[in-house]
Amino acid sequence: MFYFVPSWYQGNRKWYMEAPLWFRVIENLTFDDAVNQLKTFQAAGEETMMLLLGYQPHLRYFLHRQDILSTPYWSFFDEIQNIQSKNTKVLQVTDLTWPQGARFVYTPFALLVKIGDERIAEVHFAENGNLLKVEYFKENEVTYHYMFDDRGFLSSILYFSDGQPSHQDYLNERGVWQVREHLAEASKLITVNPRADQEFFQLVYESWDDLILEKLFFFKRLRMTEHDYLVMAVHEQHNRLLLDAFEQQKKVLSFSGDRYSLQEGSDLKRLAQEGDVLVVDSEKNKLALEYSLSQLGTSAHHVSKVTPFDTRLRLGRSQTIKELIIYWQIDGASREDYLQTLQVLLQLMEENPLIELDIVSYERARNMKALESELIALLQEKYTLERFMEVSEEAGENQLEEDQEMTLSSIRFHTFTNENQIIRQLDTTRLVLDLGQVPHLYTQIASISAGIPQINRQASEYVTHGENGWIVTEIKDLTEAVAYYFDGLTNWNRSLVSTVQKMGDYTSGRIIDQWKELLENKG
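Next comes the structure, spelled out in structure tokens:
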């Protein structure tokens, strides 16, 4: 079996990942190598399981978004809390016990619970609408937080003293505390309830790391053999723990993006010595890793470069529709470049009535409404309105013609905050445009995965000029690049064939066979 250890860590507390409040969700558009590798192994029929070390009471929603909800997993916190539930149930605010006379006051951001004019609690929800936490107050000072699991039970209680967190109790499904994390003391001790459901070797631990290591050893003894493999996302937080716990197992170590500093990583030499296959996502990272290892006077057994693909994408179906849709990702481009590119695209659209334009940003702070208003003013001043605009459907039938409200018909503005939005949009996209100084990595990966050619200003190893994309040195060259893919389907199909050939390494299992051969032949 292949055991995957992702690096899903965030926040100020080392092993603590609380889901954000629904109105504070700012999602990062990132490529998760662990998720991609996991799906690749599953597609090849390999037996897989995830090992999850962090506290994630809303884990199921995250797994659902990544399309891996059905993947078996072992959770350290489920283990110490004795959580057996696999199914979810909806927990309502009315299921909680409230004092007599309590009333609910709905606000845009939270549900307030009051007795008279005194606030006694604030109820907060996660992005998916599930109950996230309840903050309790006494005389307007916070006393404790109830933290809920998305499976429908109270998961932990965070206690406060003088307005500061003092300790947090992690509960079983019956609400009995199992492990207590002390937050006020500098030592941050972990104590165990003497009547805890599970077996612990100690009642007091110096840190979470000590307890995690104990439970990893216990898991390995019960569930694993020397013939199992560990695929771990290299991360400073868990490297030492995993190397200590799984000395006998063959290991694939995945270096992705800038998650691990090759210059500052404290355990790089040990990783190279104990890892059987080291995986990188680019030739740049491969060269950087090999250089860093040479500086340490060591080398890896084998460094494997695996071009990343997002297996959630399917090959686009844009060739089945008549519209020629351009997905223009504008982040990273200067104001001057944006305006110059816009003028080129508008000229192309006037010449070809089939071209449509999606203007996309991943930055929540960007005022897309202002850009839309600016574009409409430009169109009214310099372009043929009938090509780009139409009468708004909301306009009344008896509205005077000169007062009719006009809206954009072939240009759309989008702010995307997660990968699934991009995936949906790319399904009918014919061409991706990203003229930033550094192409957006996930956009590149998603475009390749969907077989869509892309036009970039900066060369990268993901795009081969004239094959699966086009590199323009000047924005004025954009006209030629668009024509290359829009004048017939020959060049567009060449890009699609290139992608199919590269993705064949995933779907056929060739990469897995290569890794297994390296793992089995080592030593």
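Numbering (our numbering), first residue to last: 132 to 654. C-beta: ideal position from N, C-alpha, C; glycine also.
By alpha-carbon distance to THR179, the top candidate from ASN167, ILE554, ASP281 is ASN167. Just so you know, the alpha carbons of ALA590 and LEU243 end up roughly 53 Å apart.
Within the model, the alpha-carbon separation for GLU517 versus VAL628 is close to 37 Å. LYS351 and TYR134 have their C-alpha atoms spaced approximately 11 Å apart. Just measuring C-alpha positions, the residue of LEU263, HIS545, LEU320, ILE576 sitting nearest ARG497 is HIS545. Residue burial is scored here from C-beta neighbours: SER578 has at least 16 other C-beta atoms within 10 angstroms and is therefore classed as buried.
For ARG311, the enclosing beta strand (DSSP E) begins and ends at 308-313. Counting only residues of its own chain and dropping the five nearest sequence neighbours on each side, ILE288 has a CB closer than 8 Å to the CB of TYR275, HIS276, TYR277, MET278, GLN299, ASP300, LEU302, TRP308.
For the 8 Å CB-CB criterion, VAL410 and GLU421 do not form a contact.
Looking only at MET537, MET480, LEU424, the smallest Cα-Cα distance to SER504 is reached by MET537. By the criterion of at least three beta-carbon pairs nearer than 8 Å, the region 214-223 is in contact with the region 280-287. The residue from LEU609, ASN587, LEU393, ILE586 with its alpha-carbon nearest to that of LYS415 is LEU393.
Take the alpha-carbon of THR610 and the one of TRP459: they are about 14 Å apart. The distance from the Cβ of ILE583 to that of LEU557 is about 6 Å, consistent with a contact at the 8 Å cut-off. Short of 7 Å from the beta carbon of GLU177, and not among the five residues preceding or following it, lie these beta carbons of its own chain, in chain order: PHE133, ILE643.
Scanning PRO137, SER465, ASN213 for the CA closest to the CA of GLN329 turns up ASN213.
Counting only runs of 3+ residues, the beta strand (DSSP E) found wholly inside the region 559-624 occupies 562-565, 585-587, 600-602, in chain order.
DSSP assignment within the region 326-399 yields the following whole beta strand (DSSP E) runs of 3 residues or more, N-terminal first: 360-364, 381-386. Looking only at TRP601, VAL383, HIS571, GLU605, the smallest Cα-Cα distance to PHE617 is reached by TRP601.
Taking 8 Å as the cut-off, the beta carbon of LYS170 is found closer than this to the beta carbon of ILE199. Ranking TYR615, ILE461, SER541 by CA distance to the CA of GLU494 puts ILE461 first. In this structure, the beta-carbon distance from ASP565 to THR574 falls below 8 Å. Note that the C-beta distance between ASP359 and GLN380 is below 8 Å. Under a 10 Å Cβ-count criterion, TYR237 is classified as exposed, with fewer than 16 other Cβ atoms of the shown protein chains found around its own Cβ. Between the alpha carbons of VAL522 and ILE456 lies a gap of roughly 22 Å. With 16 or more other Cβ atoms from the protein chains shown falling within 10 Å of its own Cβ, GLU266 counts as buried.
Pairing GLN552 with VAL491, the inter-Cα distance amounts to about 11 Å. Contact annotation: PHE207 and ILE343 have beta-carbon atoms nearer than 8 Å.
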